[in-house]
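Student:
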Amino acid sequence: MGIHPLYLNIIIASIIGYLLGSIPFALVIGKLFYNTDVREYGSGNLGGSNAGRVLGKKAAISVIALDVLKVVLAAGIVAYFLEPAASIWAGLFAAIGHCYPIFAGFRGGKAVATMFGFLLSSAIFTFQDPWMLFVPLGVFLVILLLFKMVSLASIFAAVTQAIYISFITEYTSAIVASILLAVLVIFRHIPNIKRIANGTEAKVGWLTKNK
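Here's what the structure looks like:
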């Protein structure tokens, strides 16, 4: 008795997503253009926020864009060659790969940009619903402007996307994937949550720097 085709597609999608998600663009850009390993500075994370703190706005924008696009690419490949239903798992595992990249010693980012890549790819390939991206993004921007903490804004956005997806679909696989993504984002931000609680979490500073 073989594996059901849907489950096989999900397994393949997860592998594709993880491998593409594991590409550490913050590390690549830092070493290639700045001769800097961003893991040795700031928070040590391979994400857009730390790239911004260490390398400046241009690097941050490049890293964020590429981290979003690698998720969209993974989901797009799966949607085109396998099936759209499995693409959401490619998006989830791309976020996991970003956090625990096989190409960078399993030391990655916090899944913020990849979360929005997940939402963008799901909006395009799975649900054709742009609000799936815009609602969590709007929450992210409002919380960021109010509190100036990327970590807090990311946590609110992660919870929002899980709630939104749970309300708009009865597709159990998508609901499970969105909840797992929210759990991943919150888990990766546990140190930030502790700093927020004791009032020592860093506010956004690199947005106003010129490097």
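Start counting the sequence shown at 67; every next residue gets the next number (our numbering).
By construction, the Cβ of each residue, glycine as well, lies at the ideal position given by its N, Cα and C atoms.
Put lysine 275 into one of helix, strand or coil per three-state DSSP.
Tutor: On the sequence shown, residue 275 is found 209 positions in, with the first residue counted as 1. Any reading at lysine 275 is ruled out, since the residue's pLDDT is 49, under 50, leaving its predicted position unreliable.
Student: What would DSSP say about alanine 268, mapped onto helix, strand or coil?
Tutor: In the sequence shown, the residue the question calls residue 268 occupies position 202. In this structure, alanine 268 counts as coil in the three-state DSSP scheme.
Student: Taking the C-alpha atoms as reference points, what is the distance between glutamine 227 and proline 167?
Tutor: Looking up residue 227 in the sequence shown gives position 161. Looking up residue 167 in the sequence shown gives position 101. Spanning the two alpha carbons is a distance of roughly 24 Å.
Student: Output the boundary residues of the alpha helix (DSSP H) element that contains lysine 123.
Tutor: Counting from 1 along the sequence shown, the entry for residue 123 is found at position 57. It spans 123-147 - the alpha helix (DSSP H) in which lysine 123 sits, taken as one unbroken run.
Student: Does histidine 255 pass the burial test, meaning 16 or more other C-beta atoms within 10 Å, or should it be called exposed?
Tutor: Numbered from 1 along the sequence shown, position 189 holds the residue referred to as residue 255. That one is buried.
Student: Figure out for me which residue from Ile252, Ala170, Ala151 and Ile81 has the closest Cα to the Cα of phenylalanine 94.
Tutor: Along the sequence shown, read from residue 1 onward, the residue named residue 94 stands at position 28. The sequence as given places valine at residue 94; phenylalanine does not occur at that position. Out of Ile252, Ala170, Ala151 and Ile81, Ala170 has the C-alpha closest to the C-alpha of valine 94.
Student: Spatial neighbours of alanine 131 within its chain, please: C-beta separation below 6 Å, excluding the five flanking residues on both sides.
Tutor: For the purposes of this step, residue 131 is taken as the residue at position 65 of the sequence shown. Excluding residues within five positions, none has a Cβ falling inside 6 Å.
Student: So is threonine 274 buried or exposed if we call it buried at 16+ other beta carbons inside 10 Å?
Tutor: Stepping through the sequence shown from its first residue, residue 274 is reached at position 208. Unreliable placement is indicated for threonine 274, whose pLDDT of 41 sits below 50; no coordinate value is reported for it.
Student: Is it true that the CB of valine 120 sits closer than 8 Å to the CB of threonine 102?
Tutor: Your numbering for residue 102 matches position 36 in the sequence shown. Your numbering for residue 120 matches position 54 in the sequence shown. Cβ distance < 8 Å, so threonine 102 and valine 120 count as in contact.
Student: State the start and end residues of the unbroken alpha helix (DSSP H) segment that holds asparagine 75.
Tutor: As a working note, residue 75 is residue 9 in the sequence shown. From DSSP, the alpha helix (DSSP H) with asparagine 75 extends over 71-87.
Student: What residue does the alpha helix (DSSP H) around isoleucine 245 start on, and which one ends it?
Tutor: In the sequence shown, the residue the question calls residue 245 occupies position 179. Boundaries of the alpha helix (DSSP H) harbouring isoleucine 245: 238-254, taken from the DSSP string.
Student: Does tyrosine 84 pass the burial test, meaning 16 or more other C-beta atoms within 10 Å, or should it be called exposed?
Tutor: Stepping through the sequence shown from its first residue, residue 84 is reached at position 18. Tyrosine 84 should be labelled buried.
Student: Go ahead and label histidine 70 buried or exposed: buried means 16 or more other beta carbons lie within 10 angstroms of its beta carbon, across all protein chains shown.
Tutor: Counting from one through the sequence shown, the residue named residue 70 turns up at place 4. Exposed.
Student: Ends of the alpha helix (DSSP H) at valine 208?
Tutor: Within the sequence shown, the letter at position 142 stands for residue 208. Element bounds for valine 208: 197-213.
Student: Helix, strand or coil for glutamine 227, going by three-state DSSP, please let me know.
Tutor: For the purposes of this step, residue 227 is taken as the residue at position 161 of the sequence shown. DSSP places glutamine 227 in helix when its eight states are reduced to three.
Student: Assuming leucine 218 contacts isoleucine 229 under a Cβ cut-off of 8 Å, what Cβ separation, rounded to an integer in Å, is found between them?
Tutor: Position 152 of the sequence shown, counted from the first residue, corresponds to residue 218. Position 163 of the sequence shown, counted from the first residue, corresponds to residue 229. In fact, because the Cβ distance is near 17 Å, the residues do not count as touching under 8 Å.
Student: How is the alpha helix (DSSP H) around phenylalanine 184 delimited, first residue to last?
Tutor: Here residue 184 refers to the residue found at position 118 of the sequence shown. Taken as a continuous stretch (DSSP letters only), the alpha helix (DSSP H) holding phenylalanine 184 covers 178-187.
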